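Taking numbering that gives the first Met the number 0, the leading residue of the sequence shown gets 0, the next gets one more, and so forth.
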Amino acid sequence: MTMKLVRDAKSLKTKALCSLRRGLSAFNSYEEDGRTTAVLLHLQHTCEMLIKAALVQKRVAIFDKKSATSLGFGKCLALAQAHCGVTPEEAGAMRAVDSLRDAEQHWFVVVAEQLLYMHAQALVTVIDTVLKRSFDDALINHLPTRVLPVSTTPPVNIEVLMDQEYAQITALLAPGRRARDEARGRIRALLAMEAHIVDEVNVSEKDIDRIEKAVRAKKAFPDVFPRLTALGTATEGEGIDVKVHFTKKHGAPVKFVPANDPGDAAAVRELDLQKKYHLTPAHLAKVVGLTTPKAAAVRAHLKIDDDQNCRHVFKFGKSKFPCFSDNAVTAMKAALTDVGMDAIWKARKG
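Dropping the structure here:
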């Protein structure tokens, strides 16, 4: 039996599939002019429309009460992780495409062909998963199996691919090459890939300047892009049925350094912590669907307050304000499903 869709969810889902077909047609086109731009624009639009469709279907509010406009992609993706079962790996694949599109639309980015293929194929995998999970549907019902990213060069291991890309950047920055713009475009593409690992990535010219300086100083790839050492891929199937998943693995530890004194750190990133940690204790409880005392019990059970990925304390003078990220929402909802509020509350009181 076909799932009955909310009217707006149906419209948004249709727009998502239309953009996907456009994006895949552009990817497989023999025309090179504007190809990367078209692929990234359409695939990002696919992500945003599909995520909003899933949220509307779940009847999650996606309009800002003050401005009466729909929320941006980043906030909707966070809501989808909390309410629609979107995993961190799936969110990372969509954030990476969004970050690449942002760089391409507002300035320029140079994406190696194999990287573009891997992002496109990973996104197709994610879209198929979201369709099945949120709409009891599948891509095969909307696309011929041949309408998928096709590459004339078989994809290599992601670690090898990034090493090759770093070597290319190094060569482009060699004295006498006069290829600095292309090198910086490739650096921008690698920085955008950090979206697979972290919730928010803002690629600034300061980041690129710092990394260019590090490359010229002949620093090793793990020192320049420490976050990307935690990125891997897994593939399933063969031929046109291949599925690509970006995965997280254990990588080099990332430490915070003062923004005004980065020292030798090559890949220092400036983050807006208030965007990441945007939930007060009361708001967190409301999002999870609990009273404040019960939410505190779940936080204590999971040791949320000790997890730097979930909690940050903002200090303004002598005042301290603990705030939480969407990672806390995801962890708490999982605990409510796996353990149950009754068991957590009983253990807390005992």
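Think of the CB as a built atom: it goes at the ideal place given N, C-alpha and C, for glycine as much as any other residue.
As the structure is a computational prediction, the values presented were derived from the model and not from experiment.
Of the candidates S18, G339 and V197, V197 places its Cα closest to the Cα of A90. Counting only runs of 3 or more residues that sit fully inside the region 177-235, the beta strand (DSSP E) segments are 230-235, in chain order. In the DSSP assignment, P87 falls outside any beta strand (DSSP E) and lies within the alpha helix (DSSP H) extending over P87 to H105.
For K9, the uninterrupted alpha helix (DSSP H) run begins and ends at R6 to F26, by DSSP. In the DSSP assignment, K314 falls within the unbroken beta strand (DSSP E) covering R310 to F315.
In this structure, the beta-carbon distance from T232 to V243 falls below 8 Å. Nearest to L54 by C-alpha distance, out of R185, L142, I207 and V5, is V5.
In the structure shown, T128 falls within a helical segment according to DSSP collapsed to helix, strand and coil.
Setting aside the 5 residues that flank it on each side, V125 is surrounded in the same chain by E89 and A92, each with a C-beta closer than 6 Å to its C-beta; the list follows chain order. For C83, there is no enclosing alpha helix (DSSP H), as DSSP marks it with neither H nor E. Counting only unbroken stretches of 3 or more residues, no beta strand (DSSP E) element lies wholly within the region 42-67.
In the DSSP assignment, C322 is bridged to H311. Taking every protein chain shown into account, the CB of I139 has fewer than 16 other CB atoms within 10 angstroms, so this residue is exposed. The C-alpha of G316 is placed about 35 Å away from the C-alpha of H195. Annotation for H141: no alpha helix (DSSP H) segment contains it, and DSSP assigns it neither H nor E. Taking C-alpha positions only, I61 is separated from Y276 by approximately 19 Å. The beta-carbon distance between K12 and F134, rounded to whole angstroms, is 7 Å. This is short enough to meet the 8 Å contact definition. Between V287 and V328 the beta-carbon gap is near 6 Å, inside 8 Å, which marks them as a contact. Straight across, the Cα-Cα distance linking R185 with I168 is about 7 Å.
Judged by DSSP secondary structure, V241 falls outside any beta strand (DSSP E); it is assigned neither H nor E. Counting only the Cα atoms, T291 lies some 42 Å from H105. Counting along the chain, no alpha helix (DSSP H) covers M2, and no H or E run does either. Taking 8 Å as the cut-off, the beta carbon of L16 is found closer than this to the beta carbon of H141.
Note that the C-beta distance between A182 and L172 is below 8 Å. Residue pairing by DSSP places K275 in no beta bridge whatsoever. Under the three-state reduction of DSSP, K248 is assigned to coil, being neither helix nor strand. By the Cβ neighbour-count rule, S66 is exposed, with fewer than 16 other Cβ atoms within 10 Å of its own.
Contact between L42 and A119 holds: their C-beta atoms lie close to 7 Å from each other, under 8 Å. Taking C-alpha positions only, S150 is separated from L23 by approximately 12 Å. Bridge pairing for S69: F62 [DSSP]. In the assembly as shown, Q80 is a buried residue. Its beta-carbon has 16 or more other beta-carbons within 10 Å.
Inclusion of S18 and T36 in the CB contact set at 8 Å is not warranted, their separation being larger than that value. Bounds of the alpha helix (DSSP H) holding L160 are I157 to L171. Around the beta-carbon of A284, 16 or more other beta-carbon atoms lie within 10 Å, marking it buried.
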